[in-house]
Every structure is written in structure tokens, then in C-alpha cells.
Amino acid sequence: MASVTYNNIYKSWGEVKVIKDLNLEIRDKEFLVLVGPSGSGKSTALRLLAGLEEITSGELYIGDRLVNDVPPKDRDIAMVFQSYALYPHMSVYDNMAFGLKLRKMPAAEIEEKVKEAAGMLGLETLLDRKPKALSGGQRQRVALGRAIVRHPAVFLMDEPLSNLDAKLRVETRSQISKLHKRLDTTFVYVTHDQTEALTMADRIAVLKDGMLQQVDSPQVLYDSPKNVFVAGFIGSPAMNFFDATVTGSPEEMYIDTGGFRVRVPQSYVNALRGYGGKKVVFGIRPEDIHSARFTPGGVTGETVRGKVDMQEIMGNEIILYMDTSGSSYTARVDPRERAQIGDEVEVAFNMENMHVFDPETEEAIYA
Amino acid sequence: MSLRLNRLLLYLPLIVITLFFLLPLYVVVVTSFKSFDEVSLQRMWQLPSGINFDNFRLAWEQLAPHLWNSIKLVVPAALLSSALGSLNGFVLAKWKFPGADIVFPALLFGMFIPYQAVLIPLVQFMRTIDLYGGLPGLILTHVIYGIPITTLTFRNFYAAIPSELIEAARIDGAGMLQTYWNILLPISIPAFVVVLIWQFTAAWNDFLFAVVLTNPSNWPITVALNNMAGSQIIQWNVQMAGAFLAALPTLLVYIFLGRYFLRGMLAGALKG
Amino acid sequence: MRIKRDALLGFLMVLPSIIAIGIFVYGFIGWTGRVSLSNWVGLLPNYEWAGLKNYTNLLFNDPRFMVDIRNTVIFTVLFVLGCLILGLFLAVLLDQGLRGEAFFRSLFLFPMAISFIVTGVVWRWLMNPAQGSRISGLNLLFDRIGLDSLINSWHATPTWGIAAIAIPAIWQMSGYTMALYLGGLRAIPDDLREAARVDGASEVEIYRHVILPLLRPVTLSAMIILGHISLKVFDLIIAVAGKQLALDVPAIYMWTTTFDGQFYGRGAAIAMLLLLSVAILVIPYLYYTIRTEAEL
């Protein structure tokens, strides 16, 4: 059982800084997901924790122990790799037992632990197989098993689902979540897939260019992203952004994108008071733009007319790619909205869920 | 139809070239099996009247001890240089130290040098450490000058193995030697086959080191065969049988393990 | 520091090889270099300083060394070109998906398994220069099948005798060249040929405009490998013809002058010149190959 603390961590390869001043506290028994685009440093952050890369400066703690110079094997961690990294010449049993054998654990105890993990993962009948004779999903489970048998204080996973097909990925997602509950230890999980992050994490840490952007629970991250990057990265389809100007008076304040004008709800007026006449970045999620004819109850939208450039019919919803006088955006509307490409339709912006960002700092301006 | 004809036309040059490749083989086999009374240079291209082992018997009498020398030489030389190459290849591909990228090409260069450039010191050195004239000195020479090619082959082989495998072993608690012994060695059997065959062939076929470093009693087969070919007393038909005997071991290896042999050869082109 | 300790362990594991190659390659080359600057003649080592005398003698005063250079040039050009042409031709032929491809491939490769000595001993009799009543070998074969115009005196031909040695050398190494080219051909994705076909290229045009340009790196590798083999050629000539002055090359001159004639200083100078010529060929290649590999 252990917490993890990154304290002013830097990592450079020669001149290139891949991690810049990372400060992150991962709580004991927490499921923390490190998420970010490729090159954001998320895998490096994990590999520093694993001890596979040397820390350039800063302090890294597992529990109360400073682990900067502790070799991987003594860090009380286990890791699941993207490619699974199963030893090709060893059976499933030996793959799981290898780490325990190196620790000189008695054979009987090893067998007990391997059987226990195999039972948890449904691998009992595969123990004699070589990795070559397993399906992708089975290999993935062996990789999990190899980590489980060690009963580590911290579980590390580097994109463990990216080699699985879509269906299996969804199944395994919930399996890993259950595993976390059952093992009751700290999980640190790296992914570039924000859906994985939202569905599995207790908390998500978003990284970009080696810098931590925001750490919080999935819901907070979704509702109150701290900056343009997080707002755009979390949520799919991605949030719409407009370069806009704040106009009107405090009594009647508007966001003007040049293509259309929408009224700022009273709850936001105070926050934007100082921005009158200034440029801002206006953000709104596609799911907060409804069809004017089929607006859900309780939502009073600001209506905007626009032309349909393209649409994707998903069955339970329709994604419209809209254009209003040169401002383009995506809307997720009711499937009953039967528009044709080129049609003019009326949509309603749920402005209670709007986001505004400072165009210089890209930081969110909160109500 | 014309496509068919085109295809047949492809075989024409192929057959001509095949004859060029088979010609020496034909002469060796035909001559070796002739009886003494049938042998004459004028009847070189004719088939023997029956299978006769006279030539082999005589060649064997001359060459048997040298064949044995070759075996005693080649087996340890191939094993030792392969083992060294495997260790070096592992470190240079997966356990790099600062400067490894300079050490690797520096080792490789040793594979291309004309050995004349080291012969004088080599003889002096072997005399000094009292290994001149015998097989151990020649074995040592083959092991050392085999290091570059064996290292190259193993390095290329190990470089193709995902680094995550090594990292998984590190997290499992394996040190360098444990990683090598438990993870990499068991999966490098194909590379060992390639390298062993290559070193076996190279050492078996060497002439230069052997002729400079060994006494006549320790001559391996190549030197003995060349000496027999230069001799005025020994008939050319016996020489042919001798050539047959000298080529047989490597040919057998080639026939049975040819696929690996090809791979070993291509490694010499520096491509993984 | 854990990672430093790991690096040290790795270094220690390679150290024996570094030391061995350090002494046996670089140390010995330095030693040979020193001998080449000495007056050492005779059995007992003599390191008396001679300056560049051995080199100037070889390059400006030694008709035998001039013959060596001429022979090396003739042999290298014929051998390298012969292997490249025959090797490429065979590779392209075998790339057509003919029946029995595996058989032909093995056949063309088998000489690689044989020593130059065995090859030489056999070709010594095939290329027997005798004519008239004592005619034999290939000359006899030509006579029998009516190709009298091909009868010649092989390596006994004045000046151009060395050209005959290129024949067994090509016999031995063209299969290897074929294998290199086949490897290159197989590495070209089928998509490329199909794309060219869809673009309307004929099979011949595909080879001219798509395949051959892509094989250029293979040709370069093959030229360097064959080139350095050719500079070092030694045992094949010895086995075909013994130590004849007309067929002399630097590698043989070095050997005979050093170990038969005891002219250690001169032998060492020849060895150094030989090394220099190989290094000029190989070092840029090594540098280039390792650099492009690092970029991948």
C-alpha cells in the first residue's frame, strides 16, 4: 500500500526536456490515469516511476521512501507493458512465476500465488501454453497476471489496451477496474485515449509537452477544464472553440464570434465583467448544442441558425457539422432532427455550460 | 500462350549458368570415382566405368590426419567465438554503456582488415607466448579474429528483440547476467546456429593463418591439400579426391543447414 | 548509482573482446607499421629506423610491385563487375517465380561453402593451359564440342593471365552477390510493383524505373564487400597457379617476401599499403552504415 509523490521532477535527454517540473501526488489505493497526446511525457513519467529511466532532477517518493536511486526490482512495483513483453520461450506459468523465482520464493508458495492470479483472470487452463499459442486478449491477461502475483504496492500500466480490438478493449476496461477494487492497491495507468481515462480513473492527470495541465476527478475535468488544452482533449467529439469578443453591457452581455451572437447567462456576467470589448476564447461542447426543435427539458438555449456542412448519423444521435456565417462548429443533436446537407437548421446553445478562456494565457475564466 | 513461351525462355540462360556452376563439381566427382587405369587428362570428361575408391583411399592416407586437425581446430574456435559474440552482441544491443557506439564500429573494422597487416606481429607474439606451430595458437587466432563478425550477427539479432522484454525482466528483478541467461540466451538459438555455421565454415576454409602459424604436422586440411596440389608426385586424380574430401564437411553443413548459412552470409553485409 | 553500475557491468562484459581486438587488430597494425619503417631483414627482429625507405622502394623502384598493382586492378575490375552482373541477372531470373527456384538458389550458393583452396585446386585442372596433344580441362571440352575458338592458355596468357583467375573467383562469389540482390528484391514491397503496373508500366519498365534504382544501396554494399575481398585475394591464386611472378598480387608478395625471403620491413610496408587501400574502401562504408542505422 503506497502513495506516490513526484516532487519537482525533471527529465531530459540531452538538450530535450521531456518532463518539466512535475509535481503530482498519487494517493494510496487510487486509480490514477496519466493522459496526454503522444510526446506529452506521460510514458516517461511512468517509466521514471518504474525506475526504467533515470531522474534528471527532483525527488520521487513511493510511500515515504525516496526511490530516485532504487532499482526497479526494489521499488515494490509491477508493470504491464503495451506489447505485454511476455517471455516467448516460457509457459504462461513460468512467465508469471519468473519474478517470484528470482526473489527465491519457495516453489509451493509460487504455485499458490500463480494459481490464485490465474483464477482471478480465468487463465487456469492456459498455464502450460506458450505466449505464441494465446490470443491477444489472453496475452494481455497473462501480462496482468505477471504483475498481480507480485502483490506490488503500485501497479503500473503503459497503454495496456492499445493492442486489443475495440470490443475487447471495452471488456478489459471494466475487468481492470474490477481488479483495482479487488486488489485494493495504487494503480498508475498511462493512455492517450481520453475515453479510457474518463471511464476508469479515480483521478486523471493531463500532460502536455512534459507539463502537468490539471489533475482531478473525471467529472471535474469534464465540467471545469482549467485551460483550452484540457477542454479540447477531454470529451469526444471535442469542444468547439471560437475566437470571440465580449460585447454589450453587464445587464445584457453577449459573446460575438463574428458569425453569430449569443447571450451570456447571468451566472457568468460577473466573471466576464472585466472583459467587455475584449477578445476571449469561447468554448462549448457539442453535447451542449441541441436541435432547437428537440431541446431537452430544463434547457433554455440561445438559438442560432446555421447551414449543415456534413452530418454523421450515429443512431442514438446525429452529429452535425455546422457553419454560421463562417464560424464552424459541431453539434450533437436529437436523432429526430432530420436535416439534409446544405439545409438551414436552428440549434440551441445551452449557455449555462459555456466555457470562456483568456486568449493570452489560454486559462479558463470561471464564473 | 506467349507468356508461356516467355517463361520457357527464362530457363535457357538459367540452364547455361547452371552448367557453369556444375562443371567443376562434375569433374571432381567423375575423376574421384575412376580407377587408376581409367585416369588420364585426355579422358577427363568421360564417366567412370564403375564406382572405384582407389583415389579416395590414397587421398585419405595423405589427408586423414589433417582432416582431424581441422576438426580439432574448428570446433573450439567456432564455439568460443560464438559465445563471445553473443555476450558482446547482447551488451551492444541491449545493455549499452557510454561509448558503446564507438566500440561497435571499432570492433567491426577488424572484420575487414587484410590479415597480412597483422601477420608479422602475430607470428612474433605466438612465438613469445609459445603457441607458435601448434593448434592452440591457431584456435586463439580464429577466436579473436572471429569476434567482429559474431558480435555483428548477434547484435543485429538482439537489436530486433523488443526492449520491453528486457525492461519486464528488470522489473521482475533480473540483473544483467540473469537477463542474458534466462531471457535472451534461450531465444537466441537461431542466431547461434547461424553464427556457429558461419564460424565453422570460415575456420575450416582458412588458409592464410594456418599456413603461417602451424607446423606441417599440425596443418589443417586446406594447407595440406594445397601442398598436395603443388606436389609433382601426387596424381591430379588423387588431388581431385582430396578436394572432394576437404570440401565435404562444409558442403554437408550447407546441404542440411543451408537456410541458416544464407542468413549468416547476409549478416556479413552489415544488414540486420 | 544503479544505472551507472549497470553500464559498468556491460562494459566489463565486453572488455575482454575490446582488449583482444585492441591488441590483435589495432596493436598489431601499429606494430606492423613500425616494422614497415625498419631495416628488418632476416630472422632476428631489427627495429633500426629506416624512415619511408621501404615504401619509396616499393612505389618507385620495384617492378614486381607495379605488376602487383596492375594485376590487382585487372582482377578487381573483372571480378567485381562479373559478380555484380551475374549476381543481379540470377537474382532477377529467380525473382520471376520460376519452378525449382529453391534448387537453383542453393546451387548458385554452394560454392560459398567451399574454401578458395578447394576451388583453386579444381580449377587448376579445368584451366590447364596445355594445348595440342596434351590438351585437357576446359580446352579439351571446347575442342570436343567444336568451340575451338575458345581454346586459350588461361592464366598462362602473358600480361592478362590474372584475368583467368577471375573466372573461379566469380564462380565462387556470384552466388553470394545473387543472395544480396535477392534480399534487396524481396525487401521491395509488392505494392510498389503493383502501383507501377496500374500506372501502365511494362515489366521491363518496372525493373528499369522502379526496381533497379531501389537496388542501388545493395549494389554499393556488394561492391564494397567484393572489392575488399578482391584486394585481399591470396589463397585462390596460390591454389590455381602457385607462387608465379606473372600472377603476383600484393597479398602474395607480402607473404613470400616476409616468410620466404625474410624481408620483414618490405613485407610490412606492403601489408600497410594493402590495409590502407582496404580502409579507404571500408571506413566510409562503415561510417555511413552505422550512421544511417542510428537515424532509424
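Protein chains in written order, with the numbering used here: chain A, 1 to 367; chain B, 1001 to 1272; chain C, 2001 to 2296. Don't be surprised by glycine CBs; every beta carbon is placed ideally from N, CA and C.
- Interface criterion not met: the Cβ of Val2073 of chain C is under 8 Å from no Cβ in chain B.
- Taking a Cβ-Cβ threshold of 8 Å, none of the residues of chain C is close to Phe1154 of chain B; the smallest such distance is about 12 Å.
- Taking a 10 Å sphere around the C-beta of Arg285 of chain A, we find 16 or more other C-beta atoms and assign the residue as buried.
- Rounded to whole angstroms, the Cβ separation of Asn227 of chain A and Tyr329 of chain A is 20 Å, and the two are not in contact under 8 Å.
- Counting along the chain, Gln175 of chain A sits inside no beta strand (DSSP E); it lies in the alpha helix (DSSP H) bounded by residues Ala166 to Leu183.
- Between the alpha carbons of Val1212 of chain B and Ala2020 of chain C lies a gap of roughly 20 Å.
- Of all residues in the region 1169 to 1185 of chain B, only Ala1169, Arg1170, Ile1171, Asp1172, Gly1173, Ala1174, Gly1175, Gln1178, Asn1182 and Ile1183 place a beta-carbon less than 9 Å from a beta-carbon of chain A.
- Per DSSP, the continuous beta strand (DSSP E) segment holding Arg261 of chain A begins and ends at Arg261 to Arg263.
- Counting the other Cβ atoms within 10 Å of the Cβ of Met310 of chain A gives fewer than 16, which makes it exposed.
- At least 8 Å separates the beta-carbon of Ala1059 of chain B from that of Leu1208 of chain B.
- Considering only C:Leu2044, C:Ala2201, C:Val2073 and C:Leu2086, the residue with the shortest C-alpha distance to Thr2219 of chain C is C:Leu2086.
- Uninterrupted alpha helix (DSSP H) stretches at least 4 residues long and entirely within the region 224 to 280 of chain A occur at 228 to 233 and 266 to 272, given in chain order.
- Counting only Cβ-Cβ distances below 9 Å, Gly248 of chain A has no contacts in chain B at all, with the closest Cβ about 57 Å away.
- Across the structure, Gly259 of chain A and Gly283 of chain A are spaced so that their CA atoms are roughly 14 Å apart.
- Around Met79 of chain A, the same chain offers Ala50 and Leu156 as residues with beta carbons nearer than 6 Å, after the five sequence neighbours per side are excluded.
- Not one beta carbon of chain C lies nearer than 8 Å to the beta carbon of Gln1232 of chain B.
- Contact of Pro1098 of chain B with chain A by beta-carbon distance below 9 Å is absent, the smallest such distance being about 13 Å.
- In the DSSP assignment, Met211 of chain A falls within the beta strand (DSSP E) that extends over Met211 to Asp216.
- Note on geometry: alpha-carbon atoms of Pro1065 of chain B and Ile1071 of chain B lie some 10 Å from one another.
- Residues of the region 63 to 79 of chain A with a Cβ closer than 9 Å to any Cβ of chain B, in chain order: Pro71, Pro72, Lys73, Asp74, Arg75, Ile77, Ala78 and Met79.
- Residues Ala2268 and Met2272 of the same chain have their beta carbon placed closer than 8 Å to that of Gly2033 of chain C, with the five preceding and five following residues left out of the count.
- Look at the region 1140 to 1191 of chain B and you find these whole runs of alpha helix (DSSP H), each 4 residues long or longer: 1163 to 1172.
- Legend: CB atoms of the region 2283 to 2295 of chain C lying less than 9 Å from CB atoms of chain B belong to residues Ile2283, Tyr2285, Leu2286, Tyr2287, Thr2289, Ile2290, Glu2293 and Ala2294.
- At a beta-carbon threshold of 8 Å, the residues of chain A lying near Pro1162 of chain B are Ser83 and Ala85, ordered along the chain.
- Under the DSSP assignment, Trp13 of chain A falls in the beta strand (DSSP E) whose first and last residues are Val4 to Trp13.
- Between the alpha carbons of Gly210 of chain A and Tyr2287 of chain C lies a gap of roughly 34 Å.
- Counting of Cβ neighbours within 10 angstroms places Asn316 of chain A among the exposed residues, the total staying below 16.
- Collapsing the DSSP output to three states places Asn2061 of chain C in a helix.
- Within chain B, the residues placing a beta-carbon under 8 Å from that of Gly99 of chain A are Ile1171, Asp1172 and Gly1173, ordered along the chain.
- By the neighbour-count definition (other C-beta atoms within 10 Å, threshold 16), Phe2060 of chain C is an exposed residue.
- In this structure the region 1181 to 1199 of chain B lies against the region 1160 to 1171 of chain B, because at least three pairs of beta carbons, one per stretch, are closer than 8 Å.
- Measuring C-alpha to C-alpha distances from Leu2236 of chain C to each of C:Ala2169, C:Leu2214, C:Ala2163 and C:Leu2140 identifies C:Ala2169 as the nearest.
- Residue environment for Ile1015 of chain B: exposed (fewer than 16 other C-beta atoms within 10 angstroms of its C-beta).
- The Cβ atoms of Leu144 of chain A and Leu121 of chain A sit closer than 8 Å to each other.
- Neighbours of Leu1092 of chain B across chain C, judged by C-beta separation under 8 Å: Val2014.
- Using beta-carbon distances, Trp1198 of chain B does not count as an interface residue toward chain C, since no partner is under 8 Å.
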